[in-house]
Structures are given as C-alpha cells and as structure tokens.
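Sequence lines, in order, name chains A and Z. In this text, residue positions in the first sequence follow our numbering: the first is 1172, and each later residue adds one. In this text, residue positions in the second sequence follow our numbering: the first is 2, and each later residue adds one. Cβ coordinates follow ideal geometry from the N, Cα and C atoms, glycine included. In this text the structure is predicted, and so the values were computed from the model without any measurement. Please read the structure below before turning to the comments.
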Amino acid sequence: MSLQLRRISLNNFRKFREPLTIEGLGEGLNIIIEPNESGKSTILEALRAAFFVRHATKNQLAQSFAPYGEAVAPEIEVSFDIGADSWKIAKRFLKSPQVEVTGPQGRAQGEEAENRLQALLGFVKDSSQRGDPATYGALGMLWVPQAQALEVTAPGNIVRNSIQATLEAEVGTIVGGAAYERVRKRIDEQYELYWTPGGKAQSKGRWQAARDRDQQARQAAADATTRLDALEKSFGDLETARGRLKVLERELADETELEQRADLVQALEVAKAAAQILETRKAEHENFSTNLDRLEDLHAQHGAARAALMAASATFAAITANREQLTGQLEAGRTKVTEAKAALDQARNDRAAARQALVEGEGRVALRQRRAAIADARQRHTELLNLEQQLGDARIDAERLIPAEAVARLEANDRAIAEARAGVNAGATSIELIGDIADITIGGEPLTPNIPRTLTGETQIALGGGILVIRPPATAASAEASLAAVFERQALELAEWDVVDLAAARTRNDTARDAQGTVQLLESKIAGLTSAQPLLDLAAGPDALKLLVASLAPDSPTPDDDAISVDQLTRRLEETETAVVRAETMHDQAVKDLREIEDKDRPLAAEQAGAERDQTNASDRVAQIEGRPDFTGLADAIVKAREDAAQAAVKLAEAKRDATAHDVQVINRKIDTIDSRAKAGQTRRSDLEKDIARFEAIIESEGGKGLASVAAAAAEEADAATQALVRLDEEAATIKLLKDVLDEARAEAARTFVGPVAQRARVHVERLFPGAELNFDAELGLTSVTRSGLSEVCGTLSKGTQEQLAVLTRLAFADMLLEQGMPVSLILDDPLVYSDDGRLDLMTEILEEASQRMQVILLTCRDRAFRHLAATRVQL
Amino acid sequence: MRFLHTADWQLGKPFGRFDPEVRAALGEARFDAIDRIGEVAAAQRVGHVIVAGDIFDTEGPEDRVIVQAVSRMQRYPCRWWLLPGNHDYARNGGLWDRVRRKASDNIILLTDPSAQEIEAGVWLLPAPLIHRHHLDDPTELFDSMETPGAKLRIGLAHGSIRDFTARGETKNQIAPDRAKRSNLDYLALGDWHGTLKVDPSTWYAGTPETDSFQRDEPGHALMVELAPGGEPKVEPVRTGRYQWLLRDWMLQDASAFSAECDVLLSAIDPASTLLRLSLAGITGLADRVEILSRLDDDLRHRLRFLDVRSDDLVGRPGEQDLADLKVEGLLGIAAEKLTDTINARGTDAISARRAMERLFVEYHRGGQA
C-alpha cells in the first residue's frame, strides 16, 4: 500500500532557521516547486531524519542538522497515512532530544516510538557516523536524494530480503528454503571444524589433532626404529666380535710360530759364534797389516831421509858461494855511509852558525831603527807643541765671531739710524751762516761758519742783540727722539759685542772666520804629525805622542859599529843551507845503496841458515833411522810380514762369509716380529673380550625393554594414525566440496531471483528503449543493458540513460514492495535533469502512471518541465 | 604316544591398528591360548606340547610378555618344547637367553639343532631358526642328527613348504617331503597360521588364537597320536577365542543387507567376533544411507570390532531421491550439480559421491529432527 505523506513541518533544521510547513500533499503525484538553493534537498533530508535517524543520536549526521553556527534543537514533524491509519512523528534532535509517534495504537515516545517506526517501515538501527542509507530499508532506496539519482545502485540487504518472499514465490523452484538453511547450518558447522572462513585448514580441532597424532606417531615409530636399530647393531657387533675372537683364538693356538721361534733361537746361537770368530779374524788381520805397514813405512822413511840430506848439502854450498860475492860490496857501502854522515854533520853545524849570526845582525838593525824613530818622535813632539800654540790662538780668534743674527741686528739698527737721521734732516731746519758770524751764538754757543747746521728744535740764535728764534716743525723733534732711541739701542748692541761700530764688528767677524780656517789647517797638520809608529808601539794622536816622549829616557848617543850587513848574513845562511841539502842527499844515497846490498844478502843468509839446519836435521834423521834395532834385516822382515798379512786376509774373508750366513740382527728381528705378533694377538683378544662384554651388557639392558615390540606397536600406531588422518582428510574435502556446491547453488538461485525484477523494469524500459534487455547481478544491481544484441556496461551509458534506468529500476522495486504490502512512496529530488524532451515526456508519463499506485513526490526547480502534469503543486 | 602340536603364538603382538580396548583384549587372548592348550594337555593327559616357532611376535618383546608366557606354561605339568621361529629366532644374548633366565624345568628351549629324546625311544629333531631369514632348508640338519634306538622320530620346524611359492615366499623353505626324506614319523610345522595338512605326516598346526582376517576359523592346536609304523592320528582342538571374519556382501537394497545381517548374527558370538565387511553393489542413496547408519549405529556396537569397506557400495540417487531434493529448491540444485560431477567420472567423482551422500544424510537427519 502507499505511504501518503500529508504534512511536513520543520524548524531550526539546516538552512530553515524559521519554521517551515508543507501542507496539502495529496495522493498520487505531488510536485514541490522551489527555486535553486531554497532547500528542497533539505526537505528530503529532514524527512529521512524524521523517519530513520534516531532522536538521541549525536553522530555527525545529527550534528549537521543544526543550522550552521547555532546551538539549537532541530525539530521535525511529519504526518502521514498508511492505508486507513494516520500517523504522526514529532522528533527533536541534539538539545533535549525527543520523539513522539502517534499511530492507530496510540502514542509512543522514546525508544518505543523508534521501534514502532522500525517495525512499521521495516528498517534497522543505523549505527554509522554519517548515516547509512542501506539501513533505511525500502524507503531509503525510494526516497532518492539529488546526489544519488544517477547511481544505478543495487538495493540494500533489507530490500532484497523483503522482496525475497515475493521473488521466491514467483520463482517457484525456491521452496524448501528452510530445509536448505537447516542443512546449510549443519554443513557450515562441520565446515568450521575443518576449515577457517578463509578456506584454510583449521589449526585446531580434530583434524589438527589427527595431523598431530599422525606426526607424533610417525616420530615415535621412527624413534623406536632407531633405538631398535641401535640394539640390532649391537647384536651385529657382538656377532662380529665373537667371530673375530674365534679366528683370533685359532691363530693364537697355532703352534707353527712357536716352532719357528725355537729354530730362530738356535740359529741365533750359531750366528753369535760366527760373529765371535769374525771379530777374532778381524783383529788378526789388523795386526798383520799394521806390522807390514810399519816396516814398509820405516823403509820408506829411511830412503826419504837420505835424499833430504843430499839435497840440503847441495843447497847450502850454493848459497855460501853467493854470499861471499856480496861481502866486498857491503863493506864499501858502509864506509861511504860513514863519510856522508860526517859531511852532513859539518854542513849542519855551519848552517846553525850562519843562522845565529843572522839573528844577531837583525837585532842590531832593529835597535837602530827604534832609535831613529825615537828621534823622529821627539822632533815631531817639538813641532806639535808649536802647532798647538798656534791652534790655541787661532781658536781664541775664531771664538770671537759675532753671530750672524747679531750682525743682522747691528745692520738693522744702522739702517734705522740712517732712516731716523734722514727723518730728522727732513724735518730739521738747516741753517748756514756765511760770513761773519761773530757774535752770533746759537743756543748760547758760537756758531761755526760755513758749516750748515741743522736745527731740530726751537733754537735761539743770538744775532747781535737780537735773538733769532728758529722753530723748526714739531716733527723734527720727534724724529730726533726716535733717532736717539735707535742710537741707544745700537750702542747697547755694540757694547754687548764689545765693538765700536758696525764696521769693527764686520772686521772682527772676518778675522774670526780666517781663524776658523787656520784651526782646521792646524788640526790636520797635528793629525799628520802624530801618525802611528808601530815600531815604538805608538798610537796615532797627539796625546799618545806626548805620553811617549814623556816616558823616554834622555837621549844617549850610541856607537854605530855595524860592520856586516844583514844581507850578507842572509846570503851566508843560504849558502850553508844549500850545503846541508847536498850533504843530506849524498848521505841518503849512500844509505840506500847500502840497503840494497843488505837486501840482497839477507835472504841469502836466511837460506843459508835454513839449508844448514836441513842438512843437520837430515843427517840426524838418517842416523836415528839407522840406529833403530829393527833396521837391521829390514828387507827380510818386510817379505815375511807380507806373507802373514795375505794369510790373515784369506781367513778374514772366510769368517765374514760365515757371519753373513747367520745374521744375528735379522734373526732377532724375526724373533721380535713373532713375539710382537703374539703380544698383539693377546691384546686384541683382551680388547675383543671387553667389546663382547660391553655388547652383551648393552643387549641385556636394552633387550629387556622390548624394543622390537615397541617398534612394531609404534609402526602400527603410525599406520593407524595415518589412516585416521586420511579419513579426516576425506571428510574435510567432502565437507568443503559440499559447502562449495551449496554456495554455487545459492548463487545460481540468486540469479534466477533477478528475473522478476528485470521483468517489471522491462515494462517501463521497453517504452524508453524498445527491445532493450536489462541484466542484474545476484545482488539485484543493474549491471548492463543489452540493446540489439549489444551489451553495454552500466557505467558506460550516458548520464541521462543512467538516471532514467536508475529511476525505472527503483520504480520496479517499488512495485514489487508494493505487492509485498510494504508502505511505499517515491520521492525524487530534482530528477531527470539530463533527459531530452522526448525521454522526459515518457518518463513523466511513467511517473504519472506510477502515481496511480503510490504517492510520488517530485522536488524540482523546473516548474516548466512538469507544468503539463496533473498534480498537487506546492509552492514554497 | 600322544602330544599337542601348536605354533605361531605370536605373543606380544601389538595390534596397533585397533582401539586401545580391542588391542588389550586381543593381546590378552593370546596369553589365554596358552592356558587353553595347557588345560587340554592336562585334561587329555598329554605330557608334551611341541611349539613349532614364532612363540613370540618379535625377537625383542617386553619382559612382561616373557614372564606372562613362562608363568602360564609353568602352571601345567606337561613339558613345553619351544622352537625359535623367524619372528623369535635364536641368537646370542637375544630373546631366548632372556627366556632361559626366567624359564622353569618343564620349558625346554630348542635353540640348538640337536635331537632330544623326549621319552624312551621318542626323539624330537628340532630345526631352530637362528636368523630371521634362512636361505637354506633348516630341516636338512635332520639327516645329520643321531637318534640312537629311536622308535619314533618327530621333526619340528618353522617355515614354508616349497609349494607355497605362489605367495612369493622364498625364505625359510622346507622341503615338502621332508618327513619322508628324513624318515620322520611326524613333521610338526609352524609359520602358516591356519591348520594345514601337507601330507599324513606333515602338518601345520596354525595359530591357537587367530590374529588376522586371513580366515574365518578360530585358532586350533593339533592333538597328535603316533605309533611306530602307523600313520599319525591328528585331531584339531579349538583353542581360539576370537573369530576374525571376512565378509563380502553384494547388496541391492537395505532389506538384502538386513537379511545378511541376520544370517551373520545368528551364526556368531558377536562379542568375540571381529568383522571386516566389504560392501559392494548399487543401491539407492537412501538405502545406502540406511545401510551405513545401521552398521554404525547397531552392528558396530554389537561386535568386538567392525571394519567396513563401503567404497564399492555405490549409492545412486534414485529418481525419488532426486525428486525429494528437487522440491527443496537450493538443495535440489546442489544435488544436481553433484550428480553431474559424479556422472562426469572425473577425479572429483569420488569426493562428489561422498558429498552427495553427506547431503542426503544431513537432509534426512534434518527431516527426522
């Protein structure tokens, strides 16, 4: 039956901060027209909130209901009819949330109200954060927000389940679902015993236990077999040891070796005797040989001694003759050396005398030179004193030089005097009286005739009786005063320098300058005069000279008796030295000559001595040999000794043969071998007996454990475990196969479910796309459309087509739910915006028809597109 | 002169493939067989029990096994002549040395091939095995054994007669005409677990307590009576407790199975019966499920032991079976798929058949629940 919305009222919901009420919604088609952005999507959101969002939830979705930035309580009221029953929901979110549902059973609040709504409309509690339309049930799919309009989504579980009954009824084969579920549940339970949900073998439970048992049993069997094998090996080892022992015992019991040993011992005795004889024969042979050797040696020695004696005598004679020749030369040489030595000594004495004479002559020369130097020094000293006197005078003159600035001052003053005088003269009155000047006084003084006089001040000239007062201008007087000042200054200056006037000063300065030159001249003279005299150890400078002169004794005249000059003495020395050299050379030559002769003589003397000694030795040796007792009859003795030695050699050879035939060492070695073999056999026997005892002990201790039984039992247990495991493997495989088959069967059945949906959708689709076939998947999602044999996957279709298909499949589901008796209504938010005019007309037609069966509400901003439809219109 | 001929006691056999309680019962029964032989000997006043080898299952049994064996034999006045066989061959320091340390006077270990005069003029010629396998005929030594003043010569050996080569056994072979060749009045043989008469003087006693599914007969010992110059009189005496039955049943439906079951149960003592049952034939799936559930729910509990081989019992889903499932929608689809796999006879066919069977089992179980 249709769900009829009657009235929607909201307050403080999203952009509706003021209360908004939509009333007058009628059965069939309703069109709510409003411009963009005025909140039609919000109205749908509010409807979903009123029905599906729990009042007490604080999830993100609920938080988004409050108008932006306001902490108020969003409120929604919805009135609707289902069949003949009227319902009303009043919900408030966030602040003091509450819900009240009023229906035919009366009023309910809180949880009960929510539960009543759920039961009525068939949805489930949404526990997501952002709101999950899949939990909203049928209306969640049929109330299509703008954003989802394009999606050709599969219906959620709830919808599928709720239409399943319809589908199963129609499909016909889908009966006995209960039996399936029962079997399925059992198989699933058994499946879980063997397999994980991911299809892997369970790591616990009976299958794993069987695997563990199998593995453990195999391990136990292997262990038991290993132990048994070890025991069996001990048995084998024991048998081997026993066998070896038996063989060994047989060998040890064998008499052959003993007999061999006895024979060997006997042979050893024989061999020892032979060895003894050999030793004796060796000694005899040795004895004879030694005797023969000795005699032959004596004979040979005698011969050699005689020969040596003869040779030594000959040598001595020859050397003696040689030496006699040399003796004369030697004497001459020695005399010559003696003479040369005397001459050399004489020459050396002469040279010493000449040297002495020269030294003395040179001493005299030096004394004379010194004396001359002293006289010279005295002379220079006298001159020095004179020069120093002059220098002192010159220095005094030079020091009277008036400094240049003083001279300049004097000159300045002189000029100032001249200038002042000129000033006086200029201002002064010059008078001259010519003629008789008697009686004429001037200033009371007689006047000198013909001499002009200058007046500078008031002057009274008595002329006769009268007095002529001349008054020169006043300037004259001041000029005179300044002149007087200048004079005074000049006078002071002159007095300071002790000169009468400027000229005198200049003269003095000239003199002083000359004196300065004289000083320098004298100083250089003195320096030249007082040069250094090394002979007297005199340094340069006047002071040294004065000091020297002061230290000298008064001059005493010395006789100059030098008869022979130094040169002569020198020449004499050179002559003596030449004589010495010559004498030395003569002497050296003489010595050399003598040495040569001696060198020749010395080896001869040595040879002579040696030859003499050899001669003596040889004759001694001959005498010694001939003096020996066995010398007499030596030749016969030698012949006999040879015969004896030959016989001994023959006997020795025989003895050697005998000894070799009976080698003691070889026999001993053989005996040792036999002995050690016997000993090794004993040791081996003892070892084997120990081994046997050990193996027997092992067998006795291990044998009692029943290892063979244990191994056999373990092997059978392992087989049994493997068989049990195989059975469980089969069981697990069977269960798995059965489960897979059941899954496949369900999937196959699910495919048959979609037929009816496609059929219903096709009624509408046929009108839009004639001949098109819709393909749904097992989840009832529309996957593709087949048109004229070509299959198109949904996502590749045009947006318009997708939207139209989405609306049409929803309509198909709505129809099926309607048949189911579910309360259904269809709300489309701004639908069909991508549709062209033709399709739009068809779609609106289909929607109009649908509105005959259920309430259809279109929320749109496009009044014109739907203007032609007969519908309840609500203008916001 | 009378004596008991037995062999192949196989004491200490582990029976490791069985559940622990079955295992214990079977093991114990082998010791009990000694008592039964001893009791027969005592009752029949027979002085000698001749055991032709394989007294012990292995050459290295646990001490308990030896002590049990020895102590059981000691209870009876007769003399026990024990011959080492291939399972318990004689070797230095081995099993028989251990037994000898524990044995009493009435137990004689024949570990050497030398004739024994067990009674005046009655000589026992043993051919003990000293290896697991002998390439030579161990009984050839009989010819070199001295039996002075013998009225009766009894050979004792363990191994197979050459005629058995069909079974591929070539070890420890004994000439089939050994009795005649070595002038024996009787040749007591062991190794073959069933009672077998080779010729009038040559017998296999078989095991006194059966230990495998080779034959249905329970174990026996042989009562032998000898007289010089005469043919031996040989009488089997039952000594075995358990019957090991092998059964192959061809079945068409569950009722045939019921009939077979009834026949079987009427003939046996279920508590001392071990059954290996091979089922073959083609039945409806429902029948197969019924048969198997009866086996599991009923017969298995009655018997001492049951081993069912049912791979050859093909459960074909009948039309009714499939029709039943078909109305169950999804289950019908699954059954169809499995049937297709089975009919394709691919490698998955066997698994698919099992799965199909399981589907039916679960479906019916659900129906009953």
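Any chain A beta carbon closer than 9 Å to residue i
i                            : result
glutamate 60 of chain Z      : yes
valine 66 of chain Z         : yes
glutamate 29 of chain Z      : no
arginine 355 of chain Z      : yes
isoleucine 292 of chain Z    : no
asparagine 93 of chain Z     : yes
glutamate 349 of chain Z     : A small correction: the amino acid at residue 349 of chain Z is aspartate; glutamate does not occupy that position in the sequence shown. Yes, aspartate 349 of chain Z counts as interfacial toward chain A.
glycine 13 of chain Z        : yes
phenylalanine 19 of chain Z  : yes
glutamate 22 of chain Z      : no
alanine 1 of chain Z         : Residue 1 of chain Z lies beyond the stretch modelled for chain Z, which goes from 2 to 370, so this question has no answer here.
arginine 359 of chain Z      : yes
phenylalanine 258 of chain Z : no
tyrosine 243 of chain Z      : no
arginine 99 of chain Z       : yes
leucine 153 of chain Z       : no
Close Cβ partners of residue i (< 7 Å) along its chain, the five nearest in sequence each way excluded
i                             : result
phenylalanine 1168 of chain A : The structure shown does not extend to residue 1168 of chain A, since chain A spans only 1172 to 2047, so no value can be given for it.
aspartate 1256 of chain A     : Gly1274, Pro1275
arginine 301 of chain Z       : Leu307
asparagine 1207 of chain A    : Cys2032
tyrosine 2005 of chain A      : Lys1970, Gly1971, Glu1974
Min CB distance residue i to chain Z below 9 Å
i                         : result
glutamine 1894 of chain A : yes
lysine 1876 of chain A    : yes
serine 1880 of chain A    : yes
tyrosine 1365 of chain A  : no
tyrosine 1362 of chain A  : no
glutamate 1420 of chain A : no
tyrosine 1307 of chain A  : no
tyrosine 2005 of chain A  : no
Cβ-based neighbour list, residue i, same chain, cut-off 8 Å, excluding 5 preceding and 5 following
i                          : result
glutamine 2023 of chain A  : Gly1199
valine 52 of chain Z       : Thr7, Ala8, Trp10, Trp81, Trp82, Leu83, Leu84, Gly191
asparagine 1458 of chain A : Ala1819
glutamate 1629 of chain A  : Val1640, Ile1641, Arg1642, Pro1643
alanine 281 of chain Z     : Asp249, Trp250, Met251, Leu252, Asp313, Leu314
Supposed contact pair residue j and residue i - C-beta distance, whole angstroms, cut 8 Å
i                         : j                        : result
glutamate 1899 of chain A : alanine 1395 of chain A  : What sits at residue 1899 of chain A in the sequence shown is leucine, not glutamate. The pair is not a contact, with the Cβ atoms about 24 Å apart (cut-off 8 Å).
proline 1268 of chain A   : arginine 1188 of chain A : That belief does not hold up - the Cβ atoms of proline 1268 of chain A and arginine 1188 of chain A are roughly 19 Å apart, past 8 Å.
alanine 30 of chain Z     : tyrosine 364 of chain Z  : Contact doesn't hold; Cβ gap of about 43 Å is too wide.
serine 1250 of chain A    : arginine 1177 of chain A : 4 Å
glutamine 69 of chain Z   : serine 105 of chain Z    : About 14 Å separates the two Cβ atoms, so there is no contact after all.
tyrosine 77 of chain Z    : alanine 43 of chain Z    : 6 Å
arginine 1415 of chain A  : leucine 1859 of chain A  : 6 Å
threonine 274 of chain Z  : arginine 305 of chain Z  : 6 Å
leucine 1515 of chain A   : alanine 1754 of chain A  : 4 Å
Endpoints, the beta strand (DSSP E) within which residue i is located
i                             : result
glycine 48 of chain Z         : Counting along the chain, glycine 48 of chain Z falls outside any beta strand (DSSP E), and DSSP gives it neither H nor E.
proline 237 of chain Z        : 234–239
valine 1964 of chain A        : 1961–1964
isoleucine 1632 of chain A    : 1630–1634
phenylalanine 1658 of chain A : Premise fails: phenylalanine 1658 of chain A lies in the alpha helix (DSSP H), 1645–1668, not in any beta strand (DSSP E).
Contacts around residue i, its chain only, beta-carbon distance under 6 Å, and the 5 residues preceding and following it disregarded
i                       : result
leucine 1979 of chain A : Ala1932, His1935, Val1936
leucine 331 of chain Z  : none
Limits of the unbroken alpha helix (DSSP H) element including residue i
i                         : result
glutamine 1390 of chain A : 1377–1424
Check your understanding: What residue ranges within the stretch 1694–1720 of chain A form continuous alpha helix (DSSP H) runs of no fewer than 4 residues, ordered along the chain?
Key -> none
Practice item. Counting only runs of 4+ residues fully inside the stretch 178–207 of chain Z, write out the alpha helix (DSSP H) ranges in chain order. Key: 179–182
Point to revise | Minimum length 4: unbroken alpha helix (DSSP H) runs contained in the stretch 1852–1931 of chain A | key: none
Point to revise | beta strand (DSSP E) runs contained entirely in the stretch 1181–1250 of chain A, provided each spans 3 or more residues | key: 1191–1193, 1200–1204
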